[in-house]
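Just so you know, the numbering used here puts 224 at position 222 of the sequence shown, and the rest follows in order with no gaps.
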Amino acid sequence: VELLSTGGTARLLAEQGLTVTEVSDYTGFPEMMDGRVKTLHPKVHGGILGRRGQDDAVMNTHGIQPIDMVVVNLYPFAQTVANPNCTLADAVENIDIGGPTMVRSAAKNHKDVTIVVNAHDYERVIREMDANHNSLTLTTRFDLAIAAFEHTAAYDGMIANYFGTLVPSYGDNKEGDEESLSLKSKFPRTFNAQFIKKQDMRYGENSHQAAAFYVEANPQEASVATARQIQGKALSYNNIADTDAALECVKEFSQPACVIVKHANPCGVALGDDLLQAYNRAYQTDPTSAFGGIIAFNRELDGETAKAIIERQFVEVIIAPKVSQTAIDVVAAKQ
């Protein structure tokens, strides 16, 4: 196995006792412009994009060696601009050009090339290579290619969002005045966001519609997005929407509280000395509408309260910050 790398990474690999060839030695072209140009070379991208069995002749003619795996960590743009002291110049220098280009090249040619952009995939890749004579299945390469395109899309989205907040101030002062570009707007010209599918829904707002639940990469804690379903059938769109409404409402209270929601509207909200009292009061607000509703608590659901709910009404979802094992057993016995 031959390793090909650029300056800093090449030195780190060499320090670990690995034999590594610097990209500049392979291409015969030095890094330049303070590292802005390192890997943008036909011998690099030809090696990544070359189709095995189809482009072999042209690769041989130009001395291009095939590259079978690309591992890239992009410049830390998000961390850079998160620093309140970040200048426009700092942001610009942390826009990776060569990295995303290699990532997209490798992902495009996933039939022959493996692309790895996430550190959490390293162990998975190593295990499969150990078990398959240093090779990966096409299924794995395709999955990694999807992750790569998702990664570069999110990366470019962050850059566009950041620069979009500077665009409105363009022209407020003399053109070319970088200081004027540092006057940030509250909102970017376009807003780019990426969401991750958490699960398929049982159905959409109506039973004939398909739906899925997507969440942010780093969702807010104590939200429906971070909740874990302990038991029960798959949730529907309405279940998620109503559960979110109930949870966000009950979070407003510091005392033991219960909120019952039906069709996204609270039909019972109450406080109590404990959860059972809060539930009883919330239920008594509108017993008819409470049937088939969503119940949210802001304390651990105990067995006594769970028993009262199950014996009294039909309920679609119960959500709480924690659920005791006794409560789990009570609800499970009803199903």
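C-beta atoms are modelled at their ideal positions from N, C-alpha and C, and glycine is treated no differently.
- Contact check for residue 217 against residue 235 fails: the beta carbons are separated by 8 Å or more.
- Relative to residue 270, the option among 51, 293 and 90 whose CA is nearest is 293.
- In this structure, residue 260 places its C-beta atom within 8 Å of the C-beta atom of residue 280.
- Short of 8 Å from the beta carbon of residue 144, and not among the five residues preceding or following it, lie these beta carbons of its own chain, in chain order: 112.
- Residue range 277-287 is occupied by the alpha helix (DSSP H) that includes residue 279.
- Under DSSP, residue 273 forms a beta bridge with 259.
- With at least 16 other beta carbons inside 10 angstroms of its own, residue 241 counts as buried.
- If you look at residue 151, you'll find it in the alpha helix (DSSP H) that goes 140-166.
- Between residue 93 and residue 160, the CB-CB gap reaches or exceeds 8 Å.
- When Cβ pairs closer than 8 Å are counted between the two stretches, the region 65-78 is seen to touch the region 106-120, the count reaching three or more.
- Counting only runs of at least 4 residues, the region 72-106 fully encloses the following alpha helix (DSSP H) elements, listed from N- to C-terminal order: 79-84 and 90-95.
- Here the alpha carbons of residue 283 and residue 272 stand approximately 6 Å from one another.
- Assigned with DSSP and collapsed to three states, residue 216 falls in strand.
- Residue range 295-299 is occupied by the beta strand (DSSP E) that includes residue 296.
- Between the alpha carbons of residue 244 and residue 306 lies a gap of roughly 24 Å.
- For residue 302, the secondary structure class from DSSP, reduced to helix, strand or coil, is coil.
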